[in-house]
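Residue numbers (UniProt numbering): 1 to 119. Note that beta-carbon positions come from the ideal geometry of N, C-alpha and C, so glycine has one too. Bear in mind the structure is a predicted one, so any value in this text is a computation, not a measurement. This report refers to the structure that appears directly beneath it.
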C-alpha cells in the first residue's frame, strides 16, 4: 500500500479542518481506543484486547500503530519476556478528552431523543 494511503491526513484538499479530526478518528476501534485511554489512562495491549474482545489482534495493532504514527498515542515497550507494551495518549491526544466527553454526552442525549425518552 502506498505510504500516503497508510498515513492519515495525507491529503491537503480539505474543505474544513474538522475533516482532519474525523479522518484521524476514523476506524472501527479508534474512537474506543482513544476514549479508553482518555478515561482510564495507560493500558497494556492485553487490557485493550479485553475491553474490545471483538477486535482482532491484527486490527487492534494496526489501529494503535496508526494512532501512534499520527502522534495521538505513545507506545512504551518494556524489555521483559514476554514483552510488555503500554499505550497512552500523547499531549495532543489528551486534548481530545473534553471533546470526547462532550460527544459522549451528546450521544446519550441523541439516543434518548431517538428512543422517545428525550424532550
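Query: Using 8 angstroms for Cβ pairs, my map puts residue 57 next to residue 44. What's the rounded Cβ distance?; Result: Their Cβ separation, rounded to whole angstroms, is 13 angstroms, which puts residue 57 and residue 44 out of contact at 8 angstroms.
Query: For the beta strand (DSSP E) holding residue 86, just list the boundary residues, first then last.; Result: 84 to 89
Query: Comparing alpha-carbon positions, which option in 68, 25, 73 lies nearest residue 103?; Result: 25
Query: Which residue marks the beginning of the alpha helix (DSSP H) containing residue 30, and which one marks its end?; Result: 30 to 40
Query: Quick one, which of 72, 114, 97, 106 has its alpha-carbon nearest residue 35's?; Result: 97
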